[in-house]
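To start, the structure itself, in structure tokens.
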Amino acid sequence: MRAVVTGQIGMDKKQYLQAAVDFAGGQGESVALFNIGDMMYGEARDVKQGRILDLPWSRLSSLRRAAFKDVISQSRDRPHVIVNTHATFRWRHGLFSAFDFDQMHTLAPDLFICLVDNIEVVHHKLHRDHDIDATLKDCMVWREEEILATELLAQALHKPFYILSRGRHSMTIPTMFRLACRPAMKKVYPSFPMSHVVDMPDVLREIDEFRAELARHFVTFDPGDVDEKLLLERALAASREGNIDKYLEVAPHSFGGSKEAKTDPIRVRVREVLDISGDIDGQIYMRDFKLIDQSDMIVSLIPELPGGNPGLSSGVERELQHAFEHTKEVYVVWKPKKHPSPFITETATKIFKSVPEALAHFEAEGMFAPGNLFGH
0 MRAVVTGQIG MDKKQYLQAA VDFAGGQGES VALFNIGDMM YGEARDVKQG RILDLPWSRL
60 SSLRRAAFKD VISQSRDRPH VIVNTHATFR WRHGLFSAFD FDQMHTLAPD LFICLVDNIE
120 VVHHKLHRDH DIDATLKDCM VWREEEILAT ELLAQALHKP FYILSRGRHS MTIPTMFRLA
180 CRPAMKKVYP SFPMSHVVDM PDVLREIDEF RAELARHFVT FDPGDVDEKL LLERALAASR
240 EGNIDKYLEV APHSFGGSKE AKTDPIRVRV REVLDISGDI DGQIYMRDFK LIDQSDMIVS
300 LIPELPGGNP GLSSGVEREL QHAFEHTKEV YVVWKPKKHP SPFITETATK IFKSVPEALA
360 HFEAEGMFAP GNLFGH
């Protein structure tokens with residue numbers, strides 16, 4: 000398999016993808032990782048790190064073409080290939096593409112993946128590594144552009160396209176490996192209540208166990224891996240207390256020995272978060288539906304909340320309806336004693352009383368990948 004992985008600057012994609020390559024090695028798979036940025040710097044030894052995008056467009060294009068030419072040549076006989084690149088750049092030159100269609104066609108990738116991350120993390124890393132002044136809003140717009148450009152490129156080459164959230168836990172690394180090396184594995188969208196259960200630790204624990212179980216057996220596109228809505232809720236709460244010009248602290252990611260593992264918390268101004276409130280809600284709406292569209296099925300956990308009420312949020316209801324209308328398999332784990340409404344029963348492929356019951360059904364139907372849960 001040949002995967003092209005895009006994503007805006009500030010993702011630390013190289014370190015993340017190297018972790019996926021290392022994981023693949025543990026599964027007995029050899030994956031060649033080509034980092035286009037590093038290869039361009041190798042061609043331009045006179046350019047300081049972090050400054051290559053300041054070059055004139057003509058030289059930047061020449062360097063990129065030279066790098067892709069090497070990738071095409073060196074990847075010919077490799078069983079699995081990941082090309083780490085970008086679809087677009089939004090820099091001092093404005094917005095411009097980061098690929099040449101003729102070379103992408105020659106490379107003949109099997110799939111395209113656009114990696115995304117929480118916007119405050121991207122914003123922090125962008126300014127940590129580059130001399131540029133970009134707002135949270137700029138980063139939000141760039142992310143939309145990167146997703147759209149990658150999707151259009153995949154459509155032009157008639158190849159699958161996936162959005163993958165890097166997330167705050169290491170389970171997304173096996174997901175990257177599976178997309179690149181186990182394309183036949185079932186792809187699942189885990190659905191569960193989020194914002195209105197944040198103060199219910201027992202329910203959150205149940206949800207986390209549900210997410211982890213699905214991630215053990217399937218390729219999962221988990222909406223909780225990007226949690227900007229929680230950041231917005233914190234900003235709104237701070238604003239109500241009159242702290243609009245103060246800062247929120249956010250813990251950075253940590254994958255192995257990465258740069259951010261030893262840094263101080265990220266500080267984000269409350270006012271800047273409020274400025275992108277509409278973007279956060281709009282992108283959640285768009286992205287979650289796309290994650291459902293790229294999945295084979297949706298599996299929804301409806302927990303029982305304190306007081307016996309079903310933990311059925313409007314977001315979960317909308318996700319189930321969207322999946323049904325787009326002919327996905329719809330599975331529901333219904334935990335409350337109260338019976339589900341016809342809007343659940345009439346759209347669900349099957350309803351289970353527990354997660355183990357659901358998993359037993361999936362296994363009996365041959366939905367699990369054979370052998371090793373994470374790979375073979």
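The working numbering puts the sequence shown at residues 0 to 375.
Each residue gets a CB set at the ideal place from its N, CA and C atoms; glycine is no exception.
Bear in mind that the values here come from a model prediction, so they are computed numbers and not experimental data.
Close Cβ partners of residue i (< 7 Å) along its chain, the five nearest in sequence each way excluded
| i | result |
| --- | --- |
| residue 104 | 156 |
| residue 256 | Any reading at residue 256 must be qualified, since the residue scores a pLDDT of 39, below 50, and its modelled position is unreliable; the value itself is stated next. Within the same chain, residue 256 has no close Cβ partners at all. |
| residue 128 | 49 |
| residue 289 | 162 |
Where residue i falls, given that 16 or more other Cβ within 10 Å makes a residue buried
| i | result |
| --- | --- |
| residue 422 | Because the chain in this structure spans residues 0 to 375, residue 422 falls outside the shown range and cannot be described. |
| residue 91 | exposed |
| residue 45 | exposed |
| residue 145 | buried |
| residue 352 | exposed |
| residue 214 | buried |
| residue 299 | buried |
| residue 83 | buried |
| residue 379 | No information on residue 379 is available, as it lies outside the stretch 0 to 375 that the chain covers here. |
| residue 237 | buried |
| residue 287 | buried |
Rounded Cβ spacing between residue i and residue j (contact assumed at less than 8 Å)
| i | j | result |
| --- | --- | --- |
| residue 233 | residue 221 | Contact flag wrong, Cβ pair sits at about 21 Å. |
| residue 190 | residue 297 | 5 Å |
| residue 116 | residue 10 | 6 Å |
| residue 205 | residue 302 | 5 Å |
| residue 306 | residue 224 | Not confirmed; about 29 Å, so no contact. |
| residue 112 | residue 30 | With a Cβ gap of about 13 Å, residue 112 and residue 30 do not count as contacting. |
| residue 114 | residue 12 | 6 Å |
| residue 38 | residue 69 | 6 Å |
Cβ neighbours of residue i in the same chain (closer than 6 Å, five flanking residues each side left out)
| i | result |
| --- | --- |
| residue 8 | 125 |
| residue 327 | 296 and 297 |
| residue 177 | 184 and 218 |
| residue 347 | 329 and 331 |
| residue 367 | 216 |
| residue 19 | 172, 175 and 176 |
| residue 363 | none |
| residue 122 | 135 and 138 |
| residue 335 | 303 and 309 |
| residue 85 | 5 and 97 |
Proximity below 8 Å, CB of residue i to CB of residue j
| i | j | result |
| --- | --- | --- |
| residue 119 | residue 79 | no |
| residue 106 | residue 1 | yes |
| residue 35 | residue 64 | no |
| residue 71 | residue 32 | no |
| residue 244 | residue 269 | yes |
| residue 186 | residue 293 | yes |
| residue 87 | residue 148 | yes |
| residue 283 | residue 228 | yes |
| residue 291 | residue 324 | no |
| residue 42 | residue 23 | no |
| residue 202 | residue 310 | yes |
| residue 279 | residue 231 | yes |
| residue 182 | residue 312 | no |
Residues bridged to residue i (per DSSP)
| i | result |
| --- | --- |
| residue 378 | The shown model of the chain, from 0 to 375, leaves out residue 378, and the question about it has no answer. |
| residue 329 | 297 |
| residue 55 | According to DSSP, which records beta bridges pairwise, residue 55 is partnered with nothing at all. |
| residue 186 | 218 |
| residue 240 | The partner list for residue 240 (beta bridge, DSSP) is empty, contrary to what the question assumes. |
| residue 94 | 89 |
| residue 113 | 5 and 162 |
Cutoff 8 Å; reference residue i; Cβ partners in own chain excluding five residues on either side
| i | result |
| --- | --- |
| residue 358 | 212 and 216 |
| residue 40 | 46, 48 and 51 |
| residue 142 | 7, 115, 118, 121 and 282 |
| residue 153 | 110, 111, 159 and 160 |
| residue 199 | 304 and 305 |
| residue 54 | 43, 46 and 62 |
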